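Colleague:
Chains as they are written, first to last, in the numbering used here: chain A, 1 to 233; chain B, 1 to 233.
(1) Please go through the same chain and pick out, in chain order, the residues whose beta-carbon is closer than 6 Å to the beta-carbon of residue 30/B, but skip the five residues on each side of it.
(2) Is residue 129/B near the ligand GDP, in the sense that its beta carbon is under 7 Å from a heavy atom of that ligand?
(3) Between which two residues does the alpha helix (DSSP H) harbouring residue 68/B extend?
(4) Among the residues of its own chain, which have a CB less than 7 Å from the CB of residue 177/B, if the five just before and after it don't count?
(5) Does DSSP put residue 145/B in a helix, in a strand, or in coil?
(6) Anything in the region 188-203 of chain B with a Cβ closer than 7 Å to a Cβ of chain A? List those residues in chain order, please.
(7) Taking only three categories from DSSP, how would you classify residue 43/A?
(8) If distances are taken between C-alpha atoms only, which option among 84/B, 32/B, 158/B and 173/B comes closest to residue 143/B?
(9) Here's the rule: buried if 16 or more other CB atoms are within 10 angstroms of the residue's CB, otherwise exposed. What is residue 11/B?
(10) Along the region 101-127 of chain B, where does the CB come closer than 9 Å to a CB of chain A? Name the residues.
(11) With a Cβ-Cβ cutoff of 8 Å, do residue 197/A and residue 221/B count as a contact?
(12) Residue 32/B to residue 117/B, Cα distance in whole Å?
(13) Roughly how many angstroms separate the alpha carbons of residue 146/B and residue 102/A, rounded to a whole number?
(14) Given that a residue counts as buried once 16 or more other Cβ atoms are within 10 Å of its Cβ, and exposed if not, what is residue 184/A?
(15) I'd like to check one pair, residue 171/A with residue 71/A: are the Cβ atoms closer than 8 Å?
(16) Keeping to the same chain, check which residues put their C-beta closer than 7 Å to that of residue 40/B; ignore five residues upstream and five downstream.
(17) Can you tell me whether residue 35/A is helix, strand or coil according to DSSP?
(18) What does residue 220/A reach in chain B if we use C-beta pairs closer than 7 Å?
(19) Just checking: is the beta-carbon of residue 4/A within a distance shorter than 8 Å of some beta-carbon in chain B?
(20) Give the C-beta separation of residue 99/B and residue 180/B to the nearest angstrom, bearing in mind that I take them to be a contact with Cβ-Cβ under 8 Å.
(21) Could you check which residue in 20/B, 233/B, 85/B and 193/B has the C-alpha nearest to that of residue 189/A?
(22) Is the CB of residue 10/B under 8 Å away from at least one CB in chain A?
(23) Do you know how far the Cα of residue 28/A is from the Cα of residue 76/B?
(24) Whose C-beta lies closer than 8 Å to the C-beta of residue 92/A among residues of the same chain, with five residues either side of it excluded?
(25) Tell me whether residue 169/B is buried or exposed, calling it buried when 16 or more other Cβ atoms sit within 10 Å of its Cβ.
(26) In whole angstroms, give me the CA-to-CA distance for residue 162/B and residue 59/A.
(27) Considering Cα atoms alone, identify which of 54/B, 35/B and 37/B is closest to residue 22/B.
(28) When you compare the CB of residue 217/B with every CB in chain A, is at least one pair closer than 8 Å?
(29) Identify whether residue 206/B lies in helix, strand or coil by the three-state DSSP scheme.
(30) Using a beta-carbon distance below 8 Å, is residue 207/B in contact with chain A?
(31) Hey, which unbroken runs of the beta strand (DSSP E) at 3 residues or more fall wholly within the region 152-192 of chain A?
(32) Counting only Cβ pairs nearer than 7 Å, list the residues of chain A close to residue 95/B.
(33) Should residue 154/B go down as buried or exposed, given a rule of 16 or more other Cβ atoms within 10 Å for buried?
(34) How would you call residue 115/A, buried or exposed, if buried means at least 16 neighbouring beta carbons within 10 angstroms?
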């Protein structure tokens, strides 16, 4: 099962040698293939190592647990999200349009995972799971996405009042998680329904923006954002 | 392990004899104890039968799968929800207050399950799971809760415009699921944070009510409610 022990790179150090980088990529690709074909639960480090043609020990060297493989995937997807968003944000100054860019590029990046996303939901929703997007382990991927929403807000020609600008990026990231949940259940072609839902929500968001300056709304809305931001704490 | 085969009631028919009803309750209680102490995954029909002092065959007669035990729990909780809501709805005519009654009583009914609710989340969120609140198997419990929101809306002195009244009960039920998710992560004493979040959301809902009569808002909001109602379809 683990014939390729010659690939053992257990003594290499970062930065990776070209060979080590190839091994790491091979393990990552094998994991992705297995997640896609067999789902999250049925994927084991043992299987991933065998599929990648490396020893189990070698696979564990690069990714100490299956969780590390998923976190790698989280970060890769959010880095691609950032790369897709950056040039588009430079082209539009309207707050709502900028938020639309972040949400839409986010869904675009998820597209290749639609088929097997449901198999991850169980591990993602458990409060104590390292795969929960709220966990400390998910911090690196989360920081990228919250940062994109922060960029969208602070770079707009019509920025939000400061108290909102401070709280909204985290709330928008949670809204993005909910939209992703809707998307993972969405069986419409190309998940078109999720994109339409987003467009409608953004239209209503734009219409509601002036309300943030009404004292009657401002107070409870700021408190609500604070509580929402405390989810899982 | 299954000493009490004398309890076999495999040939009884509904309505249950007093003895059969006691057996059924014993199995249900043992399942609830096991869910509480060991979580959803670690609870098996074999273990439930042993704990209830009945044979496995007898347990299967009353509850063909573990899923049936959870559905029983869903329906029990929502029946208790309805019983708690009904007298309170009779006392208040304001729409927002009536919705508050349904949401708050719903959280109250969940209180005894807070400790082990997280162990159910994984099985509840899988799109194809019979324990998913959107599944056909969850229909009986769901119908009760959506019905409570419908009663709250239609019985109010300030009812919603008809197009909203038709769509809002389903959307409120989904909001209740999201609130329950927040609640299941909520580690504040007595989950006070979830109740405060609800109060703030209701205040904002009340302030936003007049917007449903603005044509610019009405159109996209009705479309949004339609899409939200199609989740999982």
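Here a beta-carbon is modelled for each residue, glycine too, at the ideal position from N, C-alpha and C. Keep in mind that this is a model prediction, so the values were computed, not measured.
Modeller: So, from the listed chains and residues:
(1) 48, 51 and 52
(2) Although the ligand GDP was asked about, the structure shown includes no ligands whatsoever.
(3) 66-89
(4) 133
(5) helix
(6) 193, 196, 197, 200, 201 and 203
(7) coil
(8) 173/B
(9) Reliability fails at residue 11/B, whose pLDDT of 41 lies under 50, so the model's placement of it is uncertain and the value that follows must be treated cautiously. That one is exposed.
(10) 118, 119, 121, 122, 123, 124, 125, 126 and 127
(11) no
(12) 12 Å
(13) 34 Å
(14) buried
(15) no
(16) 119, 120 and 123
(17) helix
(18) 200, 203 and 204
(19) For residue 4/A, the predicted model reports a pLDDT of 40, less than 50, meaning its position is unreliable; a value from the coordinates is still stated below. No, because no Cβ of chain B sits closer than 8 Å to the Cβ of residue 4/A.
(20) Actually they do not touch by this definition, with Cβ atoms about 15 Å apart.
(21) 233/B
(22) Low confidence applies here, because residue 10/B scores a pLDDT of 40, under 50, leaving its location unreliable; read the following figure in that light. No, its Cβ sits nowhere closer than 8 Å to a Cβ of chain A.
(23) 46 Å
(24) 98 and 101
(25) buried
(26) 60 Å
(27) 54/B
(28) yes
(29) helix
(30) yes
(31) none
(32) Within 7 Å Cβ-Cβ: nothing; residue 95/B doesn't reach chain A, min ~17 Å.
(33) exposed
(34) exposed
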